[in-house]
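Q:
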Amino acid sequence: MSLFDKYAPLKTRVDMMMKIGKDALGVQFDDIIDATRGRIGNREILLAGTNNYLGLTFDEDCMSAAKKAVDDHGTGTTGSRVANGSYSEHVDLEKALAEHLGMPSCVVFTTGYQTNLAAISGLAGDKDVIFMDADAHACIIDGTRLTGASTIRFRHNNPEDLDKRLKRQGEIEGGNALVVIEGMYSMFGDIAPIDEFLDVTHRYGGYLYIDEAHSYGVFGPTGCGIAEDQGVLDRVDFISGTFSKSLASVGGFCASRHAEFEILRKVMRPYMFTASATPSNICAALAAVEKVKQGDHLRANLNIRAEQLHKGLAEMQYELCAEASPVIAVRRPNEAVAAMEWNWLIENGVYVNLAVPPGTPQSSSLLRISLSAAHTEEDINTILKAFADLKDNQGALMAGMASKLQAAE
Amino acid sequence: MSKPTREEIYDKICELLKPYNPKNRPIEMSSGIMSDLEVDSVAVFDLVMGLEDHYDISIPMEMVSDIKTVGELTTAITELTSK
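As given, the protein sequences belong to chains A and B, one line each in that order. Just so we're aligned, residue 1 is where the first sequence starts under my numbering, counting upward by one. Just so we're aligned, residue 410 is where the second sequence starts under my numbering, counting upward by one.
1. Any idea which residues DSSP pairs Cys106/A with across the strands?
2. Tell me the DSSP secondary structure of Met268/A in three-state form.
3. Check for me: the alpha helix (DSSP H) holding Phe387/A runs from which residue to which?
4. Excluding the five sequence neighbours on either side, which residues of its own chain have a C-beta within less than 7 angstroms of the C-beta of Ala285/A, listed in chain order?
5. What are the boundary residues of the alpha helix (DSSP H) that Ile141/A is part of?
6. Considering only the beta carbon of each residue, do Arg368/A and Met187/A sit closer than 8 angstroms?
7. Determine, using beta carbons only, whether Tyr464/B and Met438/B come nearer to each other than 8 angstroms.
8. Could you tell me whether the Cβ of Ser440/B comes closer than 8 angstroms to any Cβ of chain A?
9. What do you get for Met1/A, buried or exposed, if any count of 16 or more other CB atoms within 10 angstroms of its CB means buried?
10. Given a cut-off of 8 angstroms, decide if Asn334/A and Ser365/A are closer than it, judged by their beta-carbon atoms.
11. Is DSSP giving Asp128/A helix, strand or coil here?
12. Sorted by chain position, which residues of the same chain lie with C-beta nearer than 7 angstroms to Glu307/A's C-beta, five sequence neighbours on each side aside?
13. Please give the ranges of any alpha helix (DSSP H) in the stretch 28 to 85 of chain A, keeping only runs that are unbroken, at least 4 residues long and fully inside the region.
14. Name, in chain order, the residues that DSSP records as bridge partners for Met184/A.
15. So with CB distances below 8 angstroms, who are the chain A contacts of Ser450/B?
16. Going by DSSP, what residues sit across from Tyr7/A in a beta bridge?
17. Exposed or buried, Pro361/A, counting other C-beta atoms within 10 Å across all chains shown (16 or more means buried)?
18. Could you name the residues that DSSP lists as bridge partners for Ser370/A?
19. Considering Cα atoms alone, identify which of Gly143/A, Asn303/A and Tyr207/A is closest to Gly217/A.
20. Assuming Phe454/B contacts Met470/B (C-beta within less than 8 angstroms), just tell me the rounded distance between them.
21. Using three-state DSSP, classify Phe454/B as helix, strand or coil.
22. Based on the DSSP output, what are the partners of Ala402/A in its beta bridges?
23. With a threshold of 8 angstroms between beta carbons, is Ser186/A in contact with chain B?
24. Can you tell me where the beta strand (DSSP E) holding Arg153/A begins and where it ends?
25. How is the alpha helix (DSSP H) around Tyr113/A delimited, first residue to last?
26. What separation, rounded to the nearest whole angstrom, lies between the Cα atoms of Asp229/A and Phe219/A?
27. Please name the residue, chosen from Ser240/A, Ile282/A and Glu212/A, that lies closest to Met63/A on a Cα-to-Cα basis.
28. Measure how close the beta-carbons of Gly349/A and Arg43/A come, nearest whole angstrom, since I'm counting them as under 8 angstroms.
29. How far does the alpha helix (DSSP H) with Ser280/A in it reach, from first residue to last?
30. What are the residues in the stretch 348 to 375 of chain A lying within 9 angstroms of chain B by C-beta distance?
Rendered as structure tokens:
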């Protein structure tokens with residue numbers, strides 16, 4: 001028996017995808033032209049699945065900041081902040097984010113994934129109990145696995161269900177409850193009722209941790225996220241986020257209203273034992289934070305585009321998984337149909353995400369669209385036309401899929 | 410409420426497994442939940458939430474990760490409900 005035999009069922013699924021068309025989880029672009037355009041071969045592709053919510057990846061100020069950082073401090077840090085020390089850029093960005101969020105402590109990390117891995121595994125000890133939303137991202141789940149804490153899952157976006165499970169747990173002897181939710185969920189684009197979660201969590205003496213990876217920059221009067229949008233930011237215990245979406249870079253942060261959070265710098269293994277973020281990544285993110293704070297016009301356009309696309313797809317009778325938001329998920333009947341349609345869309349110049357179980361809630365197969373403030377009204381019309389054509393060509397598409405699968409047998 | 414028997418728990422698991430078993434594979438104590446019944450990892454946790462609510466117990470995720478078969482799940486719930 002080979003080391004790889006355990007992946008045989010997965011390989012069968014991948015082989016089926018490859019018979020239908022391209023590997024949707026391994027697309028290679030020959031060029032990225034700007035925030036909303038890429039190129040594969042000779043075909044220009046409209047990017048509608050890159051989480052580039054504010055479209056800042058080609059912003060002149062962000063690009064200049066990144067280039068200057070390379071000139072000033074080189075290409076890499078060659079080690080962790082514990083071993084090699086912090087650069088002034090790391091500290092400046094932590095101060096800027098702490099100030100923006102109105103919290104006394106903020107730590108930056110090398111990636112968004114590592115942020116939740118580090119903070120959750122650092123915060124929860126053996127005697128604590130983590131209560132996690134059922135639709136939490138993989139990095140939250142993996143963070144809980146690095147702890148000795150028990151983890152209880154509660155029904156998605158359901159504060160009453162959390163209440164029930166906290167009550168069922170009873171007193172946590174020698175420990176605390178850490179409740180982990182997200183602001184906007186990445187797959188469906190649905191939004192948490194943070195005020196209700198705060199009430200329940202704090203009633204039981206717990207701490208609320210919110211991952212605002214997909215909502216920082218996008219929601220709230222100054223772009224702090226859903227908690228700010230709902231007017232409760234000052235009551236939230238921990239806010240995490242990423243630089244790889246609205247902040248147009250790579251990295252992540254966790255901020256806290258508890259100044260004692262600073263001690264975790266001496267505890268969090270994914271912070272201590274990995275190379276720190278590069279000066280160019282940090283400086284691009286720092287420039288983007290300023291754009292977020294002044295980004296009303298970006299958020300306004302993003303909302304208009306989201307409403308436009310959501311309305312257009314709903315009028316075509318597509319089943320959408322949530323209200324209008326920068327993430328719009330179109331539910332498809334199964335994985336094979338979704339894969340076939342995904343291929344058709346990219347062949348017709350529109351890149352969205354193919355999202356399939358177990359990475360999706362409710363074992364859904366999705367065509368997931370993420371919008372950008374850089375998208376124009378015409379771009380949305382292009383996406384809508386592609387989905388309209390997709391519907392019109394459904395018969396031919398399914399016949400094509402059947403013959404492709406048959407030919408591969 | 411009297412403590413459920415192992416057989417009653419097994420029957421309940423079979424009932425709650427139905428929506429996750431569209432191919433209608435035969436369910437036995439020795440059936441691997443993910444390997445034989447092809448229930449995906451997220452759906453396993455959804456199934457567990459239903460069992461937690463039915464029996465008013467907590468089944469932590471780290472315990473679920475160690476459970477591979479219907480029989481092991483039955484045993485875990487039998488132990489939790491007998492406390």
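Yeah, the Cβ is synthetic: ideal placement off N, Cα and C, and Gly gets one too.
A: Judging by the given coordinates:
1. What you label residue 106/A is simply residue 106 of the first sequence in a count that begins at 1. Bridge partners of Cys106/A according to DSSP: Ala255/A.
2. The sequence position of residue 268/A within the first sequence is 268, counting from 1. Collapsing the DSSP output to three states places Met268/A in coil.
3. The count along the first sequence starts at 1 and reaches residue 387/A at position 387. Where Phe387/A is concerned, the enclosing alpha helix (DSSP H) stretches over Glu377 to Asp392.
4. Your numbering for residue 285/A matches position 285 in the first sequence. Once the five neighbours on either side are set aside, the close Cβ partners of Ala285/A are Leu93, Phe243, Leu247, Ser249 and Gly251.
5. Taking the first sequence and counting its residues from 1, one reaches residue 141/A at position 141. That run of the alpha helix (DSSP H) goes Ala138 to Arg145.
6. To locate residue 368/A, count along the first sequence from 1; it is residue 368. To locate residue 187/A, count along the first sequence from 1; it is residue 187. Judged by their CB atoms, Arg368/A and Met187/A are nearer to each other than the 8 angstroms cut-off.
7. Looking up residue 464/B in the second sequence gives position 55. Looking up residue 438/B in the second sequence gives position 29. No, they are not a contact pair.
8. Translated into the one-based positions of the second sequence, residue 440/B becomes position 31. Chain A contact via Cβ: absent.
9. Residue mapping note: residue 1/A aligns to position 1 of the first sequence, counting from 1. Result: exposed.
10. Here residue 365/A is taken as the residue at index 365 of the first sequence, counted from 1. Here residue 334/A is taken as the residue at index 334 of the first sequence, counted from 1. Yes, they are a contact pair.
11. What you label residue 128/A is simply residue 128 of the first sequence in a count that begins at 1. Looking at Asp128/A - three-state DSSP - the assignment turns out to be coil, as it is neither helix nor strand.
12. Here the question's residue 307/A lines up with position 307 in the first sequence. Ala324.
13. Every alpha helix (DSSP H) of 4 residues or more that sits fully in the stretch 28 to 85 of chain A is shown, in chain order, as 60 to 73 and 81 to 84.
14. What you label residue 184/A is simply residue 184 of the first sequence in a count that begins at 1. Met184/A is bridged to Ile191/A.
15. Position 41 of the second sequence, counting from 1, holds the residue named residue 450/B. What Ser450/B touches in chain A: Pro358.
16. Taking the first residue of the first sequence as 1, we reach residue 7/A at position 7. Tyr7/A is not bridged by DSSP to any residue.
17. In the first sequence, counting from the first residue as 1, residue 361/A sits at position 361. With 16 or more other Cβ atoms inside 10 Å of its own Cβ, Pro361/A counts as buried.
18. Counting from 1 along the first sequence, the entry for residue 370/A is found at position 370. In the DSSP output, where bridge partners are listed per residue, Ser370/A has Val327/A.
19. Mapped onto the first sequence, residue 217/A falls at position 217. The shortest C-alpha to C-alpha distance from Gly217/A to any of Gly143/A, Asn303/A and Tyr207/A is the one to Asn303/A.
20. Against the second sequence, residue 454/B aligns to sequence position 45. Against the second sequence, residue 470/B aligns to sequence position 61. Cβ atoms of Phe454/B and Met470/B come within 8 angstroms of each other, at about 7 angstroms.
21. The residue labelled residue 454/B in the question sits at position 45 within the second sequence. In the structure shown, Phe454/B sits in a helix (DSSP, three-state: H, G or I).
22. Numbered from 1 along the first sequence, position 402 holds the residue referred to as residue 402/A. As far as DSSP is concerned, Ala402/A takes part in no beta bridge.
23. Within the first sequence, residue 186/A is the residue found at index 186, counting from 1. Not closer than 8 angstroms to any Cβ of chain B, the Cβ of Ser186/A fails to qualify, so no.
24. If you number the first sequence from 1, residue 153/A lands on position 153. Arg153/A -> beta strand (DSSP E) spans Ser150 to Phe154.
25. Sequence index remark: in the first sequence, residue 113/A carries index 113 (1-based). For Tyr113/A, the uninterrupted alpha helix (DSSP H) segment begins and ends at Gly112 to Leu123.
26. Residue mapping note: residue 229/A aligns to position 229 of the first sequence, counting from 1. Residue mapping note: residue 219/A aligns to position 219 of the first sequence, counting from 1. Spanning the two alpha carbons is a distance of roughly 6 angstroms.
27. Here the question's residue 63/A lines up with position 63 in the first sequence. The residue among Ser240/A, Ile282/A and Glu212/A with its C-alpha nearest the C-alpha of Met63/A is Ile282/A.
28. In the first sequence, counting from the first residue as 1, residue 349/A sits at position 349. In the first sequence, counting from the first residue as 1, residue 43/A sits at position 43. Confirmed, about 6 angstroms.
29. As a position in the first sequence, residue 280/A is number 280, starting the count at 1. Taken as a continuous stretch (DSSP letters only), the alpha helix (DSSP H) holding Ser280/A covers Pro279 to Lys293.
30. Flagged, chain order: Pro357, Pro358, Gly359, Thr360, Pro361, Gln362 and Ser363.
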